[in-house]
Each structure stands twice: as C-alpha cells, then as structure tokens.
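**Student:** All residue numbers for the sequence shown refer to my numbering, where the first residue is 6 and numbers rise by one.
Each residue gets a CB set at the ideal place from its N, CA and C atoms; glycine is no exception.
Quick one: the structure is below, questions incoming.
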Amino acid sequence: MKKILIIYGSRFGSTAEISEKISEYLNKEGFTTTLMNLKDKSSKKKLKIDDFDGILIGSGIKIGSWTKEAKKFLKENTKALKQKENLLGIYVSCGEAMNPNKCEVAREKYIDPILNQYGLSPGLKQAFGGVLDLSENSTLGFLNKKMMELASKEDPNIMKGKRNDFRNWEQIFEFAKNFASHVK
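Structure below.
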C-alpha cells in the first residue's frame, strides 16, 4: 500500500477541511495517508519524506501570503522535496480562487512565486476557493472580520452575517484523483 503525506497550514480551518477531505478520498482509493497540521505542535513527528510515496502540501492564503508554518516546512525540506518533485502536489485555499475562472491567476500569484523561491517543480498544483465566515460564530476575530466585510461589500456573492463557502469540492476531488494517478 502506497503512503502519502499530507501537510498543511491553515489559519481559519478551510485548508484543514480540504486536506481532510483529500485524505479521506485517497484512503478510499487504497492509499495510506498521514495528515499533519503544521500549526499543531503536538502532532509534529520526526517524519522522513523518503518514507512516503507521495507528498501533498497545502496552505491557506491571507493577504497574499502562505502560512508561516507551510513556508518554513518548504524551506527546511527543499532538498528532500526536490527528490520527490514528480510525486509532489501543492495546493492553496484563497479568496481569489472563489471564482473558478480565476484559479489559474491564483496559482500564478500564490503558488508559482513560492515554487520559484525554493526551486521546486511539483507534479501538480492547484488553487481552491476558501471559506469567508462572516457569521456570529466566525473564528476570524473582530478586526479580520471587519476587514473582510469591508473588502467584500462590492461582491454580491458574499453574504454578510453568513458562512460563505466557495470551495468547489468537485475540483478538490479531481485534484486528489489526479494526484492518486500520479503516485500509482
């Protein structure tokens, strides 16, 4: 059974949920997955990238930036990741990819610069829409929530006071399917 490591940095939970769903899909396809939230200090194990047949790395995007944990992981593991490039997949969850027609722009804007910075050429890369939670139960925090409300005033698809989920699960599962084919 082939083993896949799914590593992610998530600020507000959207990238975590995407990573969990990708893991579930790959497990159903016969892979063994190890899921690691880079923010969770207790889950950080001494993992050897060489022990895995495939690696997926995801990050949420906020104000144009990857999570610091995901960037740190890339920096610390660049050499090992370069040896697995055709078995490496990169994904981000961001507001720009809320519009399916802008996923390519989001990949160019948020993934390509990081890959260039570390000299990586993954087999797959994708940008997914995220969740803009403007509900009472939002974990955004007061200031982040107010900034998001102001920024989203012009977008009729964003509903104030609601949890706005712009993830395209079909696109996410297609990415997981393509990655599975890549690793097999």
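1) DSSP three-state call for Thr38: helix, strand or coil?
2) Helix, strand or coil: which one does DSSP assign to Lys8?
3) Need the endpoints of the alpha helix (DSSP H) that Gln131 sits in, please.
4) Skipping 5 residues on each side, what residues in its chain have a beta carbon closer than 6 Å to that of Arg168?
5) Taking its Cβ as the centre, do 16 or more other Cβ atoms sit within 10 Å of Ser126, making it buried, or is it exposed?
6) Let me know the secondary structure DSSP gives Asp170 once reduced to three states.
7) Since I believe Tyr30 is in contact with Gly63 (beta carbons under 8 Å), could you give me their beta-carbon distance rounded to a whole number of angstroms?
8) In this structure, what does DSSP give as the bridge partners for Asp138?
9) Could you please give the first and the last residue of the uninterrupted alpha helix (DSSP H) stretch that includes Leu120?
10) Below 7 Å CB to CB, which residues in the same chain sit around Ser143 once its five sequence neighbours on both sides are set aside?
11) Can the beta-carbon of Gly94 be found closer than 7 Å to that of Leu61?
12) With distances taken Cα to Cα, identify the nearest neighbour of Lys84 among Thr72, Met152 and Leu120.
13) Grab me the residues of Ala102's own chain with a C-beta within less than 7 Å of its C-beta, minus the 5 sequence neighbours each way, in chain order.
14) Going by the CB atoms, is the gap between Gly65 and Ile16 shorter than 7 Å?
15) When the Cα atoms are used, what is the spatial distance from Lys46 to Ser19?
**Tutor:** By the coordinates alone:
1) Position 33 of the sequence shown, counted from the first residue, corresponds to residue 38. DSSP places Thr38 in strand when its eight states are reduced to three.
2) The residue given as residue 8 occupies position 3 in the sequence shown. Note: Lys8 maps to strand in three-state DSSP.
3) For the purposes of this step, residue 131 is identified with residue 126 of the sequence shown, where counting begins at 1. Premise fails: Gln131 lies in the beta strand (DSSP E), Leu129 to Phe133, not in any alpha helix (DSSP H).
4) Counting from one through the sequence shown, the residue named residue 168 turns up at place 163. Taken in chain order, the residues that qualify are Asp138 and Ser140.
5) As a working note, residue 126 is residue 121 in the sequence shown. That one is exposed.
6) Position 165 of the sequence shown, counted from the first residue, corresponds to residue 170. Strand, per DSSP.
7) For this step, residue 63 is matched to residue 58 along the sequence shown. For this step, residue 30 is matched to residue 25 along the sequence shown. Not quite, the Cβ-Cβ distance comes to about 14 Å (not below 8 Å), so this is no contact.
8) As a working mapping, residue 138 is identified with position 133 in the sequence shown. Asp138 has Arg168 as its beta-bridge partners, per DSSP.
9) Counting from one through the sequence shown, the residue named residue 120 turns up at place 115. Here the alpha helix (DSSP H) through Leu120 covers Asp117 to Tyr123.
10) Here residue 143 corresponds to residue number 138 of the sequence shown, with the count starting at 1. Excluding its 5 nearest sequence neighbours in each direction, Ser143 has C-beta neighbours in its own chain below 7 Å: Lys150, listed in chain order.
11) For the purposes of this step, residue 94 is taken as residue 89 along the sequence shown, with counting starting at 1. For the purposes of this step, residue 61 is taken as residue 56 along the sequence shown, with counting starting at 1. Between Gly94 and Leu61, the C-beta spacing is below 7 Å.
12) Along the sequence shown, one-based indexing puts residue 84 at 79. Checking every option, the nearest Cα to that of Lys84 belongs to Leu120.
13) Looking up residue 102 in the sequence shown gives position 97. Cys108, Ala111, Ala132, Phe133 and Gly134.
14) Position 11 of the sequence shown, counted from the start, is the residue given in the question as residue 16. Position 60 of the sequence shown, counted from the start, is the residue given in the question as residue 65. Before going further, note that residue 16 is Arg rather than Ile in the sequence given. Taking 7 Å as the Cβ cut-off, Arg16 and Gly65 qualify as a contacting pair.
15) In the sequence shown, the residue the question calls residue 46 occupies position 41. In the sequence shown, the residue the question calls residue 19 occupies position 14. The straight-line gap from Cα to Cα measures roughly 19 Å.
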